[in-house]
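Enquirer: Residue numbers (the numbering used here): 1 to 240. Each residue gets a CB set at the ideal place from its N, CA and C atoms; glycine is no exception. This one's a predicted model, so the numbers in the text were calculated from it and none came from an experiment. Got a structure for you, questions after.
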C-alpha cells in the first residue's frame, strides 16, 4: 500500500532514470500489464493514513504545511522545467494533500497498439478484436501499471474520483467494458504515474517548475497532444 507510508517508501518521480525511453518502446510481450495491482493501489488512495502512535514531540517529524489541494487540476510544466522527462508535460492531478501527490501525464502518447495484443496482455482471448488503441506514458513511476482516466459517468468499486467530473480506474474490467462499447463516455489509458513525497511538490512550485490550470474535458481526451501543453499554458491560473 504505497500511499500509506509515503515518507518512507514513496517512489519519487526524480529517482527513476531512463523509464520514459523504455516505456516509449514498451511491448506487451515484455511488460505484463498489471491492472489488478493498480486497482489495489487506487483503493489504498481512498483509505485514510493510519493514526500515528504517540511519540516524543522532539522526535515527531515536521508535517508538510497546509496548502490548497491541486487534485482535479492540471499541473503544467513551466518553460524553465529542468527535468527533460517532464519538459512541456501536462499532468492531471489525481491526489494532493499533506501526505504527497500523484498525477498522470496526459500528453505523452506511446505507440498505438492492436486491441488484440492488449486483450492478450490482460489474459483475455483475442476473439475477433480489430483496430488499435492509443496508450499514454503516465509517468516514470511503475510504468508497468495501467490506469484509465475517464469521465465520471462510469464508476466501479475501485474507481477513484478526481473531482466531480473525472475518475481513475485501474482494473482490467474497465478495459473490457471500453472494448465492448460499455465503458465511460471518454477515456485515456496510461502506464505509470508521477508521484511526490510530502512537501516535494510544494518545493517544486516554489522553484517555479510548474504552473497550474483548470482541468478541461476537451483537453484531456480530445485535444491534439502536440498542442496540449500550449493550450494548457493559455489556461494557467498560477503565475509562479
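1. Closest to residue 195 by CA distance: which of 127, 81 and 94 is it?
2. In terms of residue numbering, what span does the alpha helix (DSSP H) encompassing residue 226 cover?
3. What residue from 207, 86 and 172 has the CA that sits closest to residue 120's CA?
4. Kindly list the residues whose CB is nearer than 6 Å to the CB of residue 151, restricted to its own chain and excluding five residues on each side of it in sequence; keep chain order.
5. Going by C-alpha distance, which of 86, 72 and 71 is nearest residue 78?
6. Can you tell which of 125, 132 and 101 has its C-alpha closest to the C-alpha of residue 112?
7. Within the region 113 to 173, note down every full beta strand (DSSP E) run reaching 3 residues or more, in order along the chain.
8. Can you tell me which of the three DSSP states residue 84 falls into?
9. Could you check the C-alpha separation between residue 100 and residue 69 for me, to the nearest Å?
10. When the distance is taken between beta carbons, is residue 229 closer than 7 Å to residue 88?
11. So, residue 109 versus residue 225, is the Cβ gap smaller than 7 Å?
12. Return helix, strand or coil for residue 97, following the three-state DSSP convention.
13. Using the DSSP secondary-structure output, state which residues sit across from residue 91 in a beta bridge.
14. Identify every residue that forms a DSSP beta bridge with residue 194.
Expert: Put simply:
1. 94
2. 225 to 234
3. 172
4. 184, 185 and 186
5. 86
6. 132
7. 132 to 137, 141 to 151, 160 to 162 and 166 to 169
8. In the structure shown, residue 84 sits in a helix (DSSP, three-state: H, G or I).
9. 10 Å
10. yes
11. yes
12. strand
13. In the DSSP output, where bridge partners are listed per residue, residue 91 has 75 and 105.
14. 103
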